[in-house]
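Asks: Pasting a structure below so you can have a look.
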Amino acid sequence: QVTLKESGPALVKPTQTLTLTCTFSGFSLSTSAMRVSWIRQPPGKALEWLARIDWDDDKFYSTSLRTRLTISKDTSKDQVVLTMTNMDPVDTATYYCAGGSGTHFDYWGQGTLVTVSS
Amino acid sequence: DIQMTQSPSSVSASVGDRVTITCRASQGISGWLAWYQQKPGKAPNLLIYAASSLQSGVPSRFSGSGSGTDFTLTISSLQPEDFATYYCQQANSFPFTFGPGTKVDIK
Numbered sequence: 024q025v026t027l028k029e030s031g032p033a034l035v036k037p038t039q040t041l042t043l044t045c046t047f048s049g050f051s052l053s054t055s056a057m058r059v060s061w062i063r064q065p066p067g068k069a070l071e072w073l074a075r076i077d078w079d080d081d082k083f084y085s086t087s088l089r090t091r092l093t094i095s096k097d098t099s100k101d102q103v104v105l106t107m108t109n110m111d112p113v114d115t116a117t118y119y120c121a122g123g124s125g126t127h128f129d130y131w132g133q134g135t136l137v138t139v140s141s
Numbered sequence: 736d737i738q739m740t741q742s743p744s745s746v747s748a749s750v751g752d753r754v755t756i757t758c759r760a761s762q763g764i765s766g767w768l769a770w771y772q773q774k775p776g777k778a779p780n781l782l783i784y785a786a787s788s789l790q791s792g793v794p795s796r797f798s799g800s801g802s803g804t805d806f807t808l809t810i811s812s813l814q815p816e817d818f819a820t821y822y823c824q825q826a827n828s829f830p831f832t833f834g835p836g837t838k839v840d841i842k
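Chains A and B supply the protein sequences, listed in that same order. Going from the first sequence to this note's numbering is simple: count from 1 and add 23. Going from the second sequence to this note's numbering is simple: count from 1 and add 735.
Right, here's the structure in full:
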């Protein structure tokens with residue numbers, strides 16, 4: 024059974040750096056073709072894909088957020104970490120990690136709400 | 736970036752109705768399209784991938800079709816548990832992008 028769970032701060036201040044961790048089980052990111060993405064959703068709005076890391080450490084980023092995002096993995100811990108710099112209130116959203124072996128998202132975490140406010 | 740649009744933005748329907756949602760890409764994406772269902776307060780759930788492949792465990796009343804720029808998701812006979820918001824997602828090229836969503840609610 025595949026599970027993913029996001030963890031991180033519920034509240035961050037403007038200009039701070041957000042660090043989110045996705046801890047997963049039921050698959051390994053050292054297995055060929057496995058991938059983990061981060062996706063966010065502001066309250067009442069649509070989904071927005073942020074970044075993806077692949078089993079071979081290839082990384083891909085949102086065009087508009089590329090300069091603020093870093094995605095990394097710790098295969099030994101079955102974790103993927105996303106950092107987002109210079110947080111702003113417009114970054115308030117539920118952040119999801121999602122995984123799978125294709126270009127779609129088979130498995131999703133429950134999401135974690137991050138509020139950006141002073 | 737490839738822009739995704741969906742129509743309608745919302746639809747009111749009754750149990751048993753046939754519902755069709757359209758998704759359009761700003762450029763050709765071959766068959767690299769997925770559909771997700773999202774209920775309030777929950778994570779999205781994959782329904783269809785590669786435009787027409789039904790994800791394991793998803794009821795057969797859901798079907799997808801299309802290629803290139805125009806795609807459809809059809810629910811053949813709407814059930815009470817199908818009232819939700821539906822999103823399309825292109826996976827042809829990075830960055831991946833989602834449509835704005837279509838809300839299906841009770842008539």
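The beta carbon of each residue, even a glycine, is placed where N, CA and C say it ideally should be.
From the DSSP output, read off the bridge partner residues of T46(A).
Replies: Start at 1 with the first residue of the first sequence, and residue 46(A) comes out as number 23. Paired residue(s): K28(A) and Q102(A).
Asks: So, does the region 738-746 of chain B touch the region 123-137 of chain A, judging by three or more C-beta pairs under 8 Å?
Replies: Contact between the region 738-746 of chain B and the region 123-137 of chain A is absent, because fewer than three Cβ pairs lie under 8 Å.
Asks: To the nearest angstrom, how far is it from the Cα of I810(B) to the Cα of S99(A)?
Replies: As a first step, residue 810(B) must be located in the second sequence, where it is residue number 75. As a first step, residue 99(A) must be located in the first sequence, where it is residue number 76. One C-alpha to the other measures close to 42 Å.
Asks: Between the alpha carbons of Y784(B) and G834(B), how many angstroms are there, rounded?
Replies: Against the second sequence, residue 784(B) aligns to sequence position 49. Against the second sequence, residue 834(B) aligns to sequence position 99. C-alpha separation (whole angstroms): 15 Å.
Asks: Is V59(A) buried or exposed, if buried means 16 or more other CB atoms sit within 10 Å of its CB?
Replies: Position 36 of the first sequence, counting from 1, holds the residue named residue 59(A). By the 10 Å Cβ count, V59(A) comes out buried.
Asks: Comparing alpha-carbon positions, which option in T115(A), T54(A), S30(A) and T38(A) lies nearest G125(A)?
Replies: As a first step, residue 125(A) must be located in the first sequence, where it is residue number 102. Checking every option, the nearest Cα to that of G125(A) belongs to T54(A).
Asks: Report yes or no: is there a C-beta of chain E within less than 7 Å of the C-beta of Y119(A)?
Replies: Here chain E cannot be found, since the structure's protein chains are A and B.
Asks: Considering only the beta carbon of each residue, do Q773(B) and A826(B) sit closer than 7 Å?
Replies: As a working mapping, residue 773(B) is identified with position 38 in the second sequence. As a working mapping, residue 826(B) is identified with position 91 in the second sequence. Cβ atoms of Q773(B) and A826(B): not closer than 7 Å.
Asks: Applying the 10 Å Cβ sphere with the 16-neighbour rule, what's the burial state of V25(A)?
Replies: Position 2 of the first sequence, counted from the first residue, corresponds to residue 25(A). With fewer than 16 Cβ atoms within 10 Å of its Cβ, V25(A) is classed as exposed.
Asks: If you drop the 5 nearest sequence neighbours on each side, which residues of the same chain put their C-beta closer than 7 Å to that of Q790(B)?
Replies: Taking the second sequence and counting its residues from 1, the one referred to as residue 790(B) is at position 55. Answer for Q790(B): L781, L782, I783 and Y784, listed in chain order.
Asks: Taking a contact to mean a Cβ-Cβ separation below 7 Å, would you say T755(B) touches S742(B) in this structure?
Replies: Position 20 of the second sequence, counted from the first residue, corresponds to residue 755(B). Position 7 of the second sequence, counted from the first residue, corresponds to residue 742(B). Against a cut-off of 7 Å, the Cβ pair of S742(B) and T755(B) comes out as no contact.
Asks: Do you know offhand how far C823(B)'s Cα is from L808(B)'s?
Replies: Looking up residue 823(B) in the second sequence gives position 88. Looking up residue 808(B) in the second sequence gives position 73. Approximately 9 Å between the Cα atoms of the pair.
Asks: In the DSSP output, which residue or residues are listed as bridge partners for T740(B)?
Replies: Position 5 of the second sequence, counted from the first residue, corresponds to residue 740(B). R759(B).
Asks: Does the region 112-121 of chain A come within contact of the region 786-803 of chain B, defined as at least 3 CB pairs closer than 8 Å?
Replies: The region 112-121 of chain A vs the region 786-803 of chain B: no contact.
Asks: Helix, strand or coil: which one does DSSP assign to V113(A)?
Replies: On the first sequence, position 90 is the one that residue 113(A) refers to. Three-state result, V113(A): helix.
Asks: Considering D77(A), what are the terminal residues of the beta strand (DSSP E) in which it resides?
Replies: For this step, residue 77(A) is matched to residue 54 along the first sequence. Looking at the DSSP string, the run of the beta strand (DSSP E) that includes D77(A) is E71 to D77.
Asks: Would you list, in sequence order, the uninterrupted beta strand (DSSP E) runs of no fewer than 3 residues that lie entirely inside the region 741-829 of chain B?
Replies: Complete beta strand (DSSP E) runs here, min 3: 745-748, 754-760, 768-773, 780-784, 797-802, 805-810 and 819-825.
Asks: Find the residues of chain A that neighbour G763(B), judging by a C-beta separation of less than 9 Å, and give them in chain order.
Replies: Start at 1 with the first residue of the second sequence, and residue 763(B) comes out as number 28. Result: empty, since nearest Cβ-Cβ is about 16 Å, beyond 9 Å.
Asks: Look at the alpha carbon of L70(A) and the alpha carbon of Q64(A), and state the distance between them as a whole number of angstroms.
Replies: Stepping through the first sequence from its first residue, residue 70(A) is reached at position 47. Stepping through the first sequence from its first residue, residue 64(A) is reached at position 41. So the two alpha carbons sit approximately 5 Å from each other.
Asks: Does the beta carbon of W131(A) come closer than 7 Å to any beta carbon on chain B?
Replies: The residue labelled residue 131(A) in the question sits at position 108 within the first sequence. Taking Cβ atoms only, chain B reaches closer than 7 Å to W131(A), which makes this a yes.
Asks: According to DSSP, simplified to helix, strand and coil, what is T90(A)?
Replies: Numbered from its first residue, the first sequence carries residue 90(A) at position 67. Note: T90(A) maps to helix in three-state DSSP.
Asks: Please classify S16(A) as buried or exposed, where buried requires at least 16 other C-beta atoms within 10 Å of its C-beta.
Replies: Past the edges of chain A, shown from 24 to 141, lies residue 16(A), and the structure says nothing about it.
Asks: Flag D736(B) as yes if its beta-carbon sits less than 7 Å from any beta-carbon of chain A, otherwise no.
Replies: As a first step, residue 736(B) must be located in the second sequence, where it is residue number 1. At least one chain A Cβ lies under 7 Å of D736(B).
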